[in-house]
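> Below are the structure tokens for one structure; questions will follow.
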Amino acid sequence: MNEFKTTLRGIEHQTDLIPGATLPNRAAYRTNPEEAKEVQRQVQELLDHGYVRESLSPCAVPVILVPKKNGTWRMCVDCRAINNITIRYRHPIPRLDDMLDELSGSVMFTKIDLRSGYHQIRMKLGGEWKTAFKTKFGLYEWLVMPFGLTNAPSTFMRLMNEVLHSFIGKFVVVYFNDILIYSKSFDEHLDHLRAVFVALHDARLFANLEKCTFCTDRVGFLSYIVTPQGIEVDETKIDAIRSWPTPTTITQVRSFLGLAGFYRHFVKDFGTIAAPLNELMKKGVTFHWGTMQEKAFNTLKDKLTHAPLLQLLDFTFELECDASGIGIGGVLLQEGKPVAYLSEKLNGPSLNYSTYDKELYVLVHVLETWQHYLWPKEFVIHSDNESLKHIRSQAKLNKRHAKWVEFIESFPYIIKHKKGNDNEAHGGGLMGHFGVKKTTEVLTAHFFWTKLKRDVERLHETTKSNIENMNEKYKLAGSKGRKQVVFEPGDLVWLHLRKERFPDLRKSKLMPRAASPFKVLEKINDNAYKLELPADLGVSSTFNIADLKPYLGEEDELASRMTSLQEEEDDEDITPMVMHGPITRARAKQLNQQVSSFLGARNSTYKDSMLPNDIIDYIVLRNLGEDHEGLGDQHGPGGGPKGRPSQDGGPILLGDVFLGLQDQSSLKSSPRPQTDSDAIHICLES
Numbered sequence: 069m070n071e072f073k074t075t076l077r078g079i080e081h082q083t084d085l086i087p088g089a090t091l092p093n094r095a096a097y098r099t100n101p102e103e104a105k106e107v108q109r110q111v112q113e114l115l116d117h118g119y120v121r122e123s124l125s126p127c128a129v130p131v132i133l134v135p136k137k138n139g140t141w142r143m144c145v146d147c148r149a150i151n152n153i154t155i156r157y158r159h160p161i162p163r164l165d166d167m168l169d170e171l172s173g174s175v176m177f178t179k180i181d182l183r184s185g186y187h188q189i190r191m192k193l194g195g196e197w198k199t200a201f202k203t204k205f206g207l208y209e210w211l212v213m214p215f216g217l218t219n220a221p222s223t224f225m226r227l228m229n230e231v232l233h234s235f236i237g238k239f240v241v242v243y244f245n246d247i248l249i250y251s252k253s254f255d256e257h258l259d260h261l262r263a264v265f266v267a268l269h270d271a272r273l274f275a276n277l278e279k280c281t282f283c284t285d286r287v288g289f290l291s292y293i294v295t296p297q298g299i300e301v302d303e304t305k306i307d308a309i310r311s312w313p314t315p316t317t318i319t320q321v322r323s324f325l326g327l328a329g330f331y332r333h334f335v336k337d338f339g340t341i342a343a344p345l346n347e348l349m350k351k352g353v354t355f356h357w358g359t360m361q362e363k364a365f366n367t368l369k370d371k372l373t374h375a376p377l378l379q380l381l382d383f384t385f386e387l388e389c390d391a392s393g394i395g396i397g398g399v400l401l402q403e404g405k406p407v408a409y410l411s412e413k414l415n416g417p418s419l420n421y422s423t424y425d426k427e428l429y430v431l432v433h434v435l436e437t438w439q440h441y442l443w444p445k446e447f448v449i450h451s452d453n454e455s456l457k458h459i460r461s462q463a464k465l466n467k468r469h470a471k472w473v474e475f476i477e478s479f480p481y482i483i484k485h486k487k488g489n490d491n492e493a494h495g496g497g498l499m500g501h502f503g504v505k506k507t508t509e510v511l512t513a514h515f516f517w518t519k520l521k522r523d524v525e526r527l528h529e530t531t532k533s534n535i536e537n538m539n540e541k542y543k544l545a546g547s548k549g550r551k552q553v554v555f556e557p558g559d560l561v562w563l564h565l566r567k568e569r570f571p572d573l574r575k576s577k578l579m580p581r582a583a584s585p586f587k588v589l590e591k592i593n594d595n596a597y598k599l600e601l602p603a604d605l606g607v608s609s610t611f612n613i614a615d616l617k618p619y620l621g622e623e624d625e626l627a628s629r630m631t632s633l634q635e636e637e638d639d640e641d642i643t644p645m646v647m648h649g650p651i652t653r654a655r656a657k658q659l660n661q662q663v664s665s666f667l668g669a670r671n672s673t674y675k676d677s678m679l680p681n682d683i684i685d686y687i688v689l690r691n692l693g694e695d696h697e698g699l700g701d702q703h704g705p706g707g708g709p710k711g712r713p714s715q716d717g718g719p720i721l722l723g724d725v726f727l728g729l730q731d732q733s734s735l736k737s738s739p740r741p742q743t744d745s746d747a748i749h750i751c752l753e754s
């Protein structure tokens, strides 16, 4: 064991247990005679190499045999019990995408796989008893770091970072026992190999030649194929996906998505395609494999089988982003070629966002995902929403928009409009419909028949015709009952006073619901007009056609005060109704308010009449009230003769309205009339 102390630069594996934890003592697993012989053989090999020794440890865990691809067996220690009471240490593990980014511009690669890398690290002296394992033939403990311990990966990365720290980030990337050396030329690559081999030799780390690849322009690294042109998926992994049987349980769905999700950057709209499968894994959802799940399963298999080549980064980027009703998508581009895809299915509140909010949300999402690539160099954003070009000039922002715009403005970007048909992010299954050319290309990749192109063109024309017919149908349904009104500059119009826009002018339900006349200053389009408004209103002078109505003069003004401009107005009808019960001063005041709204009617009907104004008022009110039950000389529900109110309440006489007019007429000192004739007589005398 002196060899370990002198070669591994003092790095040892230490296992610290949680204070007060109960030490595990698990029974050995049952094995058949052949398996027992194999376990004993491998234990003897470990004893001969000095990797283990017999133990008197108070804790012990069992071992299990796992078959290898070549038909042999690997003995594994079931360390779960000891890991549950071990304090975990957090040494940084490199990100896979960061390592792949470092390979940009390289043309020569060498991959080195270390042999028994974990066994090159010594267990800390005095802590060997914590690694004890039992077999049918005895109890043993490890002198070197075994596989399966919770902190073993962190310890091994510490070793690799110390041995190769001078080369990492320059021409070496390391992921545990896999070392990839990359260079821009063959001569440079030889120098890099020599430096790495010297460092490994000094640390007495040995390579497994069977798994090494030297001086090649195409190498497999961490389930990817690395080439000078870019990154490809590993065909061996794709074969497993291609032959994956239809899942029958949630566990099988989770396993499939785990493997397919590893290559999600190669599949455009992966999130939206896999949405039906993800729905099955939600809590409380009963497993049901239907048509949507089968389609998503087969689509993912097909797209992964024909996954594109993703370019290696050289840090000159463009972004394309797009949003649909239920999903968003983005593409990171380099010289017009895709580097990575992003896709997400909308859920929760984001489903209810407006079109502009969804376009802004997808822009924020792609910037958050790829911000480490984009900042601080200037880049171009392509979007098919032209309003995003004016994002910097927005004067009023709500809270959500202000937060998003503040984040977007931290990047040095330029937004360019790109038609939806040309937008790369628009081509997903949820983003639009394939055209003739794209549909033909997709079909010819999987099928063939003699009249394929002609059939595609015919179906495309049918689809196009159906869309046009449905658009026309929706247009007719939406325009049903609407009047086609077009105003010109100089026209006078009525303006509908909406509560949300004119709150001060609509405080009461008795206040006018429209105002006029206002002059049209400018016709923006058939649906929007600019009016000449008083400055004290403090609102925008641009209004939709739905809020405007032609102004026809003073007679039209009188009629409009009596009815709502909008048929769907929810205010109560203010037509005066017959009041029942005793006429108190408060009720008379209320009645006065109703009567006042109709006094203008005399200007049209009795404009040239010689009758006094008070008499005209009574006549107008009389005529307006004849449609209501119990008014005038009829018997009301109260049972009084000639409409006189009974003691228990009934309809009022027209003379009762007299109280409402006393406040504004010359009848203030007159006695209360008992009949209509009395009321008219008093008015004539006055």
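Each number in the numbering used here corresponds to the 1-based position in the sequence shown with 68 added.
Quick reminder that beta carbons are idealized off the backbone N, C-alpha and C, glycines included.
Quantities reported herein were computed from a predicted structural model and do not represent experimental measurements.
What's the gap between the Cα of H243 and the Cα of Y292?
The residue asked about is misnamed: residue 243 is Tyr in this sequence, not His. Distance between the alpha carbons of Y243 and Y292: 13 Å.
> Taking DSSP's pairing of strands, which residues face V175 in a bridge?
None, per the DSSP bridge assignment.
> Would F224 pass as an interface residue toward chain C - the criterion being a Cβ-Cβ separation below 8 Å?
Of the protein chains in the structure, only one exists, and it is not chain C.
> How is N595 classed by DSSP in three states: helix, strand or coil?
In this structure, N595 counts as coil in the three-state DSSP scheme.
> Are the CB atoms of V561 and P585 within a distance shorter than 8 Å?
A contact, by the Cβ cut-off of 8 Å.
> Counting beta carbon pairs with one atom in the segment 205 to 213 and one in the segment 260 to 268, are three or more of them shorter than 8 Å?
No: the two stretches stay apart, fewer than three of their Cβ pairs being nearer than 8 Å.
> Select from L565, S392 and S251 the residue whose C-alpha is nearest the C-alpha of L578.
Residue L565 is the option with its Cα nearest to L578.
> Going by the beta-carbon positions, is the gap between A96 and K202 smaller than 8 Å?
For A96 and K202, yes; Cβs fall inside 8 Å.
> Based on the DSSP secondary-structure assignment, which residues constitute the bridge partners of P135?
Looking at the DSSP assignment, P135 forms a beta bridge with W141.
> Kindly list the residues whose CB is nearer than 6 Å to the CB of G339, restricted to its own chain and excluding five residues on each side of it in sequence; keep chain order.
Correct list, in chain order: S411, E412 and K413.
> Between D146 and R163, what straight-line distance do the alpha-carbon atoms span, to the nearest angstrom?
Straight-line Cα distance between these residues: approximately 28 Å.
> If you run the structure through DSSP and keep just helix, strand and coil, what is Q358?
Residue identity differs from the one stated: residue 358 is Gly in this sequence, not Gln. Here G358 sits in coil by DSSP.
> Helix, strand or coil for W562 per DSSP?
Three-state result, W562: strand.
> Tell me E300's beta-bridge partners as DSSP assigns them.
Answer is I293.
> Rank D452, A149 and M360 by C-alpha distance to the C-alpha of A128 and give the top, closest one.
Closest by alpha carbon: A149.
> Rank T316, N100, E230 and K521 by C-alpha distance to the C-alpha of G358 and give the top, closest one.
Considering only alpha carbons, the answer is T316.
> Classify Q188 as buried or exposed, calling it buried when 16 or more other Cβ atoms lie within 10 Å of its own Cβ.
Buried: at least 16 other Cβ atoms inside 10 Å.
> Within the continuous beta strand (DSSP E) that includes I476, where are the two ends?
Looking at the DSSP string, I476 is not in any beta strand (DSSP E); the run it does join, the alpha helix (DSSP H), is K467 to I476.
> Is DSSP giving K202 helix, strand or coil here?
Correct three-state label for K202: strand.
> Curious, which full-length beta strand (DSSP E) runs of at least 3 residues does the segment 371 to 441 contain?
Complete beta strand (DSSP E) runs here, min 3: 386 to 391, 395 to 402 and 405 to 413.
> Which of the three DSSP states is assigned to Y66 in this structure?
The chain is shown only over 69 to 754; residue 66 falls outside these bounds and no answer can be derived.
> List the endpoints of the continuous alpha helix (DSSP H) containing L258.
Run containing L258: F254 to D270, per the alpha helix (DSSP H) assignment.
> In the structure shown, what three-state DSSP assignment does Q82 receive?
The answer is coil: DSSP assigns Q82 none of H, G, I, E or B.
> Can you give the beta carbon distance from A328 to I306, rounded, assuming they're within the 8 Å contact cut?
In fact, because the Cβ distance is near 10 Å, the residues do not count as touching under 8 Å.
> Less than 8 Å between the CB atoms is what I'm expecting for V473 and I482, so what's the real figure, rounded?
The pair is not a contact, with the Cβ atoms about 16 Å apart (cut-off 8 Å).
> If T154 sits next to L91, beta carbons under 8 Å apart, how far is it from one beta carbon to the other, in whole angstroms?
The Cβ separation is near 12 Å, so there is no contact.
> Is the beta carbon of L465 less than 8 Å from the beta carbon of F555?
No.
> What's the gap between the Cα of M228 and the Cα of A391?
Taking the straight line joining both Cα atoms gives about 44 Å.
> I'd like the list of long-range same chain contacts for R158, defined as Cβ closer than 8 Å, with 5 residues on each side in sequence excluded.
Closer than 8 Å at the Cβ level, and outside the excluded window around R158, lie S222.
> Is it buried or exposed for M538, if we count other Cβ within 10 angstroms and need 16 for buried?
Under this definition M538 is an exposed residue.
> Provide the residue(s) that pair with D246 in DSSP beta bridges, ordered along the chain.
DSSP, once it has assigned bridges, lists D181 and Y243 as partnering D246.
> Could you tell me which residues DSSP puts in a beta bridge with F555?
None, per the DSSP bridge assignment.
> Using a Cβ-Cβ cut-off of 7 Å (strictly less than) and excluding sequence neighbours within five positions of A408, which residues of its own chain qualify?
Closer than 7 Å at the Cβ level, and outside the excluded window around A408, lie H333, L378 and L400.
> Give a yes or no on contact between the segment 276 to 288 and the segment 173 to 193, applying the rule of three or more CB pairs nearer than 8 Å.
In short, these stretches touch, since the Cβ pair count reaches three.
> Would you check if the distance between the CB atom of L589 and the CB atom of K598 is smaller than 8 Å?
Their beta carbons are under 8 Å apart, which means L589 touches K598 by this criterion.
> Let's see if you can read the secondary structure: which residues bound the alpha helix (DSSP H) around N612?
That residue, N612, is in no alpha helix (DSSP H); its beta strand (DSSP E) goes T610 to N612.
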